[in-house]
Structures are given as C-alpha cells and as structure tokens.
Amino acid sequence: MKKHYLLFFCCLLMAGSLFAQDASKLNLGVNKGSLQLASEDGNFKFGMGGRVYMDAAAYFDDKTDLGSGSEVRDIRLLMKADLWKKWNAKINIGFADGAVSLKDVWLMYKINKNSFVRAGHFLEPFGIEQTESSKTTKFMHAASTIEAFRPGRNLGFSYATWSKKIFWEAGLFGSDTNNKTEGDEGYGLTSRIAFAPVQTDGGLFHIGMSGIYRTANSTGFNDQGEENPKSIRYRSRAATHIEKRRFIDAKVANAESQCKLGFEMIAATGPISIQGEYISAKVNRKSNFEDYSAKGFYTQVGWLVKGGNYKYKMKSARLAKPGPGSVELLARYNQTDLNDSDALIMGGKQKDITVGGTWYVNHNILVKFHFTNVDLDENSLNGEENFNMIQTRLQFSF
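Count the sequence shown with mature numbering (1 follows the signal peptide of the UniProt record, and there is no 0) and you get residues -20 to -1, 1 to 378, in order.
Below, the structure written as structure tokens:
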C-alpha cells in the first residue's frame, strides 16, 4: 500500500509537469517562501512544497521511566494545483514514525469567492485546533483534549461558506483511507459554525460550536458469522510525542454510535489573544450497557512581543499565522477527563500546563520552546503521578 501511495504521488507530479509543458508560457514566482508556476492567463497554477519538524524532549521527576530523546517528528511532501480558476487540488503525504500516510488528498470546486465544495481525504470540520494545519498550530503538541476527541482526517465531502462575520461548514464522512475489517464501516455527520462580530485592527471576538454524530466501525465477524461487538476509543499522550505511551485511555465496548459537541472562543486585543475549546463526548451503547460520557477543555493565551497585532482569517474562522520575524509567548492549561464511574469505565484524568514561545524566523523557518507540567490521576496508565518536561522544535517548510 505504501508503494501504491508513492507511485500515485509521482504520477500526479509527472502529470503536472506535462500540463505545464503544454502551456504557452509559465511564470515562476515565490509566494510566502514557496515556489509557484503560473500561466499568464491565470487559468493554471502549480506548486510543490514540504516541511520537516525536528523535536527534542527531556523529562523530569517522572515516576514512570519516560524516554527523553529526539526525533524527526514528521516530514511532508505536497503538491497543489489551481485549474481553470474554479478547481483546486491538493496532495499531502506524511512520513511520520517511519510510515507513509495520506494526509490531505482532495479536489475542491469553488462555487464563488465565499463558498466551495470539497471531496477527498481531509480534516473534518470540528473546532479550531482540529481543523488547523500542524504547520501553523501554536504548540508542538495538540492539547490532550483535542487529541482524545478529534475526528482527524477521513474520506468524505463537505460544503463551506462564509460571509464577513459568519463561517459554516458541514460534511458527510466515512472512515480513513483503508477499510481493513469485514462489515460496515462507520459514517459521520460533522458540522462547524462560527460567528465573529468583531474584527478590527485593535481587537477581535469569535465564538462557535461544532457537532459530530458517528456510528461505530465494524470489528469483523466471529466463527459463527455473527458480528463482533463494536468499540470506540478515546486516548491521548501526555502533551508530548517523543514519549509514545498514552497515559489516559478509555476503550468503550459494545458501542453503537457517538455524539460529540464542541464550543470554541477566540478573543484578541492588539498583541494579546486568548483561545479556548470545550468538548463533551457521549457513546451510545447497547441497551443493557450504560452509556459512556467524557469531556475536556483547554484555554491558551498568546502575546506577540514582536510582530504587531493578531489578525483573523474568516475563510478558516481562526487566527492567522503571525508574520515573519514575530516572537510569540504562549501559555496553555488543559484538562481531559475520561473517567465515567456510571459506565464503569475509568480511562484516567489529565491536567497539564504549558508555557513557552515561538520565534517565526521567516516564512520558512520557526523555532519553538516549551516547558510542561503534567498531572495524572490514579486511573491513568501507571496510577497517580506528576512530571515535567522541556521540549523544543526546529521547523522548516518550503
């Protein structure tokens, strides 16, 4: 399967080159640090790019023997094209953890300048951090609440539209790219709406909510031809990736479907911003089992010490990436609770605080540095414990 992905990727690159040769003339340019070819009439644009994340982490005061070290967190190669001013396509291949995986692989049709339909493999529209590229997220690791409950990327299609103050996207999604198990895969209905009544040079305010209904995936059949019980799982790492273990983990057996509801807020005044999300999840189980519920939230604060004021992008309903040369100080508090005593599922509770900063060296390079304290309850992987870590990242893209 990995070879097929690479072959598919290379064929598309060759197809783009052949298309470029047929054009009467192509202009080579640079857009935010990335090379781009464009036809004179504007009907065709072609770009290639990539990114590399190199991380290091040191853990302290840990009861569990955590593995300090370094890693190439991810390598990405991507190709994107604009065709006939109405169509967009993107292919983004990841090489994290020594494995080839499809990230964004989609085709988009622009209905007008403020709406589009998209089909393929992409992030479901749920919340702020779930829908943001890892290239522009403020912290090295997603908040544990987001990691536990996010739907990630799946095959599907969606419709998105926005005006000066309102953003809305909704879609229908299947599962991931490979259906490896006999039986019906789950499907999901996902939607996000955001309202940003204040968008000025000196301040902004945004509120929104998201919802998901998703059926559980099949887990195959037993020797008698009966369908195996389905399950849904929520789990998260401890605000780091170099240490691979997930300290909170709830596997909900005999599941039929899940519903997730998220609330979000962004506010900024000048160079100060605050962002937060709250997510609740409920797993509907077979009639003789108690339904399972879990929840979590995070709040983060940013201060652009250098780089001007925060800006907002209505097209994606989130803060824009700070400009080249900016220096940003950050703090985040997260709490994720996977314990449900009524359902007799105690997946653990995690609280963590992160402080740090990011230097946006230029369009292509940035450096991150974080200090994090993690507090785990008695239902976590190795029981109650509290530990600290220092992490840093060198990130470059082109």
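Positions of the beta carbon are idealized from the N, C-alpha and C atoms, including for glycine.
Just so it is clear, the structure is predicted and the values come from calculations on it, not from any experiment.
Worksheet item: So what's S138 in DSSP terms, helix, strand or just coil?
Response: strand
Item to complete: Please determine, among K66, D54, A99 and S190, the residue with the shortest C-alpha to C-alpha distance to I222.
Response: D54
Discussion item. Let's see if you can read the secondary structure: which residues bound the beta strand (DSSP E) around I126?
Written reply: Unbroken run through I126 is the alpha helix (DSSP H), S124 to F129; no beta strand (DSSP E).
Worksheet item: Where E270 and L87 are concerned, what is the direct C-alpha to C-alpha distance, given to the nearest angstrom?
Response: 41 Å
Worksheet entry | Supposed close pair T372, G276 - CB separation, criterion 8 Å | That pair is no contact at about 26 Å.
Discussion item. If you reduce the DSSP assignment to three classes, tell me which class N244 lands in.
Written reply: Reading the sequence as shown, one finds Glu at residue 244 and not Asn. If DSSP states are grouped into helix, strand and coil, E244 belongs with the strands.
Discussion item. Along the chain, where does the beta strand (DSSP E) containing R98 start, and where does it finish?
Written reply: S95 to L103
Practice prompt. Say yes only if the C-beta of R312 is nearer than 7 Å to one or more non-hydrogen atoms of the ligand SAM, and no if none qualify.
Written response: As far as ligands go, the structure on display features none, and thus does not contain the ligand SAM.
Worksheet item: Roughly how many angstroms lie between the CA atoms of R172 and L152, to the nearest whole one?
Response: 12 Å
Discussion item. Using the Cβ count rule (16 or more neighbours within 10 Å means buried), how would you classify residue 451?
Written reply: As shown, the chain starts at -20 and ends at 378. That puts residue 451 outside it, with no answer to give.
Worksheet item: When burial is assigned at 16 or more other CB atoms within 10 Å of the CB, is A218 buried or exposed?
Response: buried
Worksheet entry | Collapsed DSSP secondary structure at D54 in the structure displayed | strand
Fill in: Helix, strand or coil at T111 [DSSP, three-state]
helix
Discussion item. Short of 6 Å in beta carbon distance, which residues of its chain neighbour V52, apart from the five on each side in sequence? Order them along the chain.
Written reply: M34
Practice prompt. With DSSP as the reference, please indicate the residues paired to G188 in a beta bridge.
Written response: A174 and E244
Worksheet item: Considering only residues of the segment 23 to 67, which uninterrupted beta strand (DSSP E) runs meet the minimum length of 3 residues and lie entirely inside it, listed in chain order?
Response: 24 to 40 and 49 to 63
Fill in: Contacts around G256, its chain only, beta-carbon distance under 6 Å, and the 5 residues preceding and following it disregarded
M245 and T279
Worksheet entry | Rounded separation between S211 and K240 - CA only | 16 Å
Discussion item. Please classify S321 as buried or exposed, where buried requires at least 16 other C-beta atoms within 10 Å of its C-beta.
Written reply: exposed
Worksheet item: Of the residues G154, E112 and T117, which one's Cα is nearest the Cα of K295?
Response: E112
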